[in-house]
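Asks:
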Amino acid sequence: MKLNLSLPAALVGLCLGLLGTGEAQAASFTFTKIADTSGLFDSFRGQGIGGYEPISATPAINNQGTVAFSAFLDAGGKGIFTGNGTTTTSIANTNSLFGERPTEVYTLTELGSFSINDVGNVAFSANFGTSGIFTSELKNVIEGAIGEDSFTDVYSPSLNNVGTVAFLQAISRFSGLTTILAGEESVDNVIASTRFYTEPPAAGVFENISAPMINDQGTVAFSADVYQSDSFYDDLSSGIFTGNGTRDNGEIITNTIADSNGAFNRFSDPSINNSGTVAFSAVLDAGLSGVFTGNGTTTTTIADSSGAFNSFFGTPSINDFGTVAFLAGLDAGGSGIFTGNNPLKDKVIVTGDTLFGSTVQELSFYREGLNNSGQVAFFASLANGTGGIFRADPIVVEPPKDVPEPASVLGLLAVGTFGATSVMKRKQK
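Using the numbering used here, the letters of the sequence shown map in sequence onto residues 1397 to 1825.
(1) Along the chain, which unbroken stretches of the beta strand (DSSP E) at least 3 residues long are found entirely within the region 1473-1554?
(2) Count Cβ pairs between the region 1646-1663 and the region 1702-1713 that sit closer than 8 Å; are there 3 or more?
(3) Which residue comes first and which comes last in the beta strand (DSSP E) that contains R1643?
(4) Output the residue ranges of the beta strand (DSSP E) runs that lie fully inside the region 1691-1763 and measure 3 residues or longer, sorted by chain position.
(5) Give every residue of the same chain whose Cβ lies closer than 8 Å to the Cβ of I1457, excluding the five residues on either side of it in the sequence, and list them in chain order.
(6) For G1525 and S1582, which I take to be in contact (beta-carbon distance under 8 Å), what is that distance rounded to the nearest angstrom?
(7) Measure the CB-CB distance between F1709 and L1723 and report whether it falls below 8 Å.
(8) Nearest CA to the CA of S1760: which residue from I1733, D1749 and G1748?
(9) If you reduce the DSSP assignment to three classes, tell me which class I1785 lands in.
(10) State the Cα-Cα distance for the pair G1641 and V1744, rounded to the nearest angstrom.
(11) When the Cα atoms are used, what is the spatial distance from L1632 to D1621?
(12) Please state whether the Cβ-Cβ distance between I1711 and D1665 is less than 8 Å.
(13) Which term fits P1450, buried or exposed, when burial requires 16 or more other beta carbons within 10 angstroms of its beta carbon?
(14) Would you mind sorting V1515 into buried or exposed? The rule is 16 or more other CB atoms within 10 Å of its CB.
(15) Pick out whichever of D1681, A1678 and V1674 has its Cα sitting closest to the Cα of G1692.
(16) Name, in chain order, the residues that DSSP records as bridge partners for D1432.
(17) Got a sec? Which residues, its chain only, sit under 6 Å from S1656 by beta carbon, not counting five neighbours each side?
(18) With distances taken from CA atoms, which of Y1551, G1686 and E1533 is nearest V1558?
(19) Roughly how many angstroms separate the alpha carbons of G1572 and G1435, rounded to a whole number?
(20) Can you list, in chain order, the residues of its chain with a C-beta nearer than 8 Å to that of G1479? Leave out the 5 residues immediately preceding and following it.
(21) In three-state terms, what does DSSP make of A1620?
(22) Mapping DSSP to helix, strand and coil, what is N1585?
(23) According to the Cβ coordinates, are F1688 and T1694 closer than 8 Å?
(24) Counting only C-beta atoms, is A1588 closer than 8 Å to chain B at any point?
(25) With DSSP as the reference, identify every bridge partner of S1466, one or two as the case may be.
(26) Just verifying my parser: in three-state terms, what is the DSSP assignment at N1661?
(27) Are there 16 or more other CB atoms within 10 angstroms of the CB of N1611, so buried, or fewer, so exposed?
(28) Please check the pair A1522 and T1531, which I expect to be a contact at CB under 8 Å, by giving their CB distance rounded to whole angstroms.
(29) For K1535, which residues of its own chain have a beta-carbon under 6 Å away from its beta-carbon, when the five flanking residues on both sides are left out?
(30) List the DSSP bridge partners of I1791.
(31) Could you round the C-beta distance between F1618 and A1588 to whole angstroms and report it? I think they count as a contact, below 8 Å.
(32) Just verifying my parser: in three-state terms, what is the DSSP assignment at V1679?
(33) Looking at the structure shown, is V1601 part of a helix, part of a strand, or coil, going by DSSP?
(34) Identify whether L1577 lies in helix, strand or coil by the three-state DSSP scheme.
(35) What did DSSP end up calling D1438 once you bin it into helix, strand or coil?
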């Protein structure tokens, strides 16, 4: 892999704005119950992104407000479901066959992470003697997205509105090999890969690739460590990267969104919107942590631990309008889901709030939890002993309008932004 760094010309932004006199108002939401443990569901714990077991399984929401979630059933077994607050649909479960005859059907013994698109198609990982990536639309496994032997695993799917799924393939034999692959009905694209154990390190070669996320343009965002030189003893840097499988003379091109060669130290998994803007949480060299967005040229701070927040959990979610939702811990105690740096104005819900007649004790949220309408899907455990999947629906209120003085001169704000873009190319053997 080759790493070429170029410094683009300085970008200078100029913004004109009216100086309003209205005070900021707290966001308001109504809440919809998608599913809870008072009915058929026993719990919402499940396999998380990257194969890890989270405290609670985190839901995903599409732009229609439909929420996908996984749950263990009172009757035994586990399933993946979708719901909108009125109806609940079973996508796959371990108590029945998946697929449609006369095509092949599958006995699923374990269900993993999942992703939903705007037409309600759900991609998910599952085990049926080996691992595979399935979609509810195909009602079948994606060709090439199968663990061919006991040393190979496929997991962490991300589905876009075109129907393309990006996922991880990991080979555990010897020193292992992890690859991000993508395809619709069959795998036809390689996005990024680590080196195989027989290959020497080289500058720009990846290690420790994270779960990918794909947008509608086919751009995939991921985090990874990367070699800085051709030495086995060289320290790895970490970063957030994007790619779409484009090649230059056989070498895969990836772009650097942010890396640990500057102010950042380590990163969460990323999320990406259809403009190519990537959201992530990170720890800084100075010791602070925060939620950020970047596009390879500029990086913007959404929230950080210099104020009311003391920590940021998991991966934030970004919608196509650039709004970012995230789960954070508070200096005052507890945690909550927010959409900005002001814990009052930007609050969605926090522990201690009342939800459906009880008190919120625990919250869980992840990278597909926010849609373009500003709806937020999350898990909450309540003081009455129940847990559930919920959707926060924003109440749209027209802001008060200020009438400017006829002769007033309004403020001018100039912002200069500088950035560097990295382009990475990985040689395919």
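Where a beta carbon is used, it is the ideal one built from N, C-alpha and C, also for glycine.
Replies: Taking the coordinates as given:
(1) Listed in chain order, the complete beta strand (DSSP E) runs (minimum 3 residues) inside the region 1473-1554 are 1474-1479, 1484-1489, 1506-1512, 1518-1523, 1527-1531 and 1536-1542.
(2) A contact between stretches requires three or more CB pairs, one per stretch, nearer than 8 Å, and the region 1646-1663 fails this requirement with the region 1702-1713.
(3) As a working mapping, residue 1643 is identified with position 247 in the sequence shown. DSSP places R1643 inside the beta strand (DSSP E), whose first and last residues are L1632 to D1644.
(4) The DSSP assignment places complete beta strand (DSSP E) segments of no fewer than 3 residues inside the region 1691-1763 at 1695-1700, 1705-1714, 1720-1726, 1731-1734, 1743-1746 and 1754-1760, in order along the chain.
(5) Within the sequence shown, the letter at position 61 stands for residue 1457. V1463, A1464, I1512, E1764, G1765, L1766, N1767, Q1771, V1772, A1773 and R1787.
(6) Here the question's residue 1525 lines up with position 129 in the sequence shown. Here the question's residue 1582 lines up with position 186 in the sequence shown. G1525 to S1582, Cβ: 20 Å. No contact.
(7) Within the sequence shown, residue 1709 is the residue found at index 313, counting from 1. Within the sequence shown, residue 1723 is the residue found at index 327, counting from 1. Contact: yes.
(8) Against the sequence shown, residue 1760 aligns to sequence position 364. Between S1760 and the set I1733, D1749 and G1748, the nearest pair of CA atoms involves I1733.
(9) Within the sequence shown, numbered from 1, the residue matching residue 1785 stands at position 389. Three-state result, I1785: strand.
(10) As a working note, residue 1641 is residue 245 in the sequence shown. As a working note, residue 1744 is residue 348 in the sequence shown. Roughly 37 Å between the two C-alpha positions.
(11) Taking the first residue of the sequence shown as 1, we reach residue 1632 at position 236. Taking the first residue of the sequence shown as 1, we reach residue 1621 at position 225. For L1632 and D1621, the distance between alpha carbons rounds to 6 Å.
(12) Mapped onto the sequence shown, residue 1711 falls at position 315. Mapped onto the sequence shown, residue 1665 falls at position 269. In the sequence under discussion, the amino acid at residue 1711 is Thr, which differs from the Ile named in the question. In this structure, D1665 lies closer than 8 Å to T1711 by Cβ.
(13) Numbered from its first residue, the sequence shown carries residue 1450 at position 54. Because the pLDDT of P1450 is 47, which lies under 50, any placement of that residue in the model is unreliable, and the question is left without a value.
(14) Against the sequence shown, residue 1515 aligns to sequence position 119. V1515 is exposed by the Cβ-count criterion.
(15) Numbered from 1 along the sequence shown, position 296 holds the residue referred to as residue 1692. G1692 has its Cα closest to that of V1674, out of D1681, A1678 and V1674.
(16) In the sequence shown, counting from the first residue as 1, residue 1432 sits at position 36. Looking at the DSSP assignment, D1432 forms a beta bridge with G1784.
(17) Taking the sequence shown and counting its residues from 1, the one referred to as residue 1656 is at position 260. Counting only Cβ-Cβ distances below 6 Å, and skipping sequence neighbours, we find S1633 and S1634.
(18) The residue labelled residue 1558 in the question sits at position 162 within the sequence shown. The candidate whose alpha carbon is nearest that of V1558 is E1533.
(19) Counting from one through the sequence shown, the residue named residue 1572 turns up at place 176. Counting from one through the sequence shown, the residue named residue 1435 turns up at place 39. Roughly 43 Å separates the two Cα atoms.
(20) Within the sequence shown, residue 1479 is the residue found at index 83, counting from 1. A distance below 8 Å between beta-carbons, with the five flanking residues on each side excluded, links G1479 to the following residues of its chain, in chain order: I1430, A1431, T1462, V1463, F1465, T1485 and I1785.
(21) As a working mapping, residue 1620 is identified with position 224 in the sequence shown. The answer is strand: DSSP assigns A1620 an E or B state.
(22) Stepping through the sequence shown from its first residue, residue 1585 is reached at position 189. The DSSP-derived three-state label of N1585 is strand.
(23) Start at 1 with the first residue of the sequence shown, and residue 1688 comes out as number 292. Start at 1 with the first residue of the sequence shown, and residue 1694 comes out as number 298. In this structure, T1694 does not lie closer than 8 Å to F1688 by Cβ.
(24) The chain inventory of the structure shown lacks chain B, comprising one protein chain alone.
(25) Translated into positions along the sequence shown, residue 1466 becomes position 70. The partner list for S1466 (beta bridge, DSSP) reads I1476.
(26) Taking the sequence shown and counting its residues from 1, the one referred to as residue 1661 is at position 265. Here N1661 sits in strand by DSSP.
(27) Within the sequence shown, the letter at position 215 stands for residue 1611. Under the 10 Å beta carbon count, N1611 is surrounded by 16 or more other beta carbons and is classified as buried.
(28) Against the sequence shown, residue 1522 aligns to sequence position 126. Against the sequence shown, residue 1531 aligns to sequence position 135. Actually they do not touch by this definition, with Cβ atoms about 11 Å apart.
(29) The residue labelled residue 1535 in the question sits at position 139 within the sequence shown. Cβ neighbours of K1535 beyond the five flanking positions: G1495 and E1496.
(30) In the sequence shown, the residue the question calls residue 1791 occupies position 395. Per DSSP, I1791 has no beta bridge partner at all.
(31) Within the sequence shown, numbered from 1, the residue matching residue 1618 stands at position 222. Within the sequence shown, numbered from 1, the residue matching residue 1588 stands at position 192. The C-beta separation of F1618 from A1588 comes to about 6 Å, placing the pair in contact by the 8 Å criterion.
(32) Against the sequence shown, residue 1679 aligns to sequence position 283. In the three-state reduction of the DSSP assignment, V1679 falls in the strand class.
(33) To locate residue 1601, count along the sequence shown from 1; it is residue 205. The DSSP-derived three-state label of V1601 is coil.
(34) In the sequence shown, counting from the first residue as 1, residue 1577 sits at position 181. The DSSP-derived three-state label of L1577 is strand.
(35) For the purposes of this step, residue 1438 is taken as the residue at position 42 of the sequence shown. In the three-state scheme derived from DSSP, where H, G and I count as helix and E and B as strand, D1438 is classed as strand.
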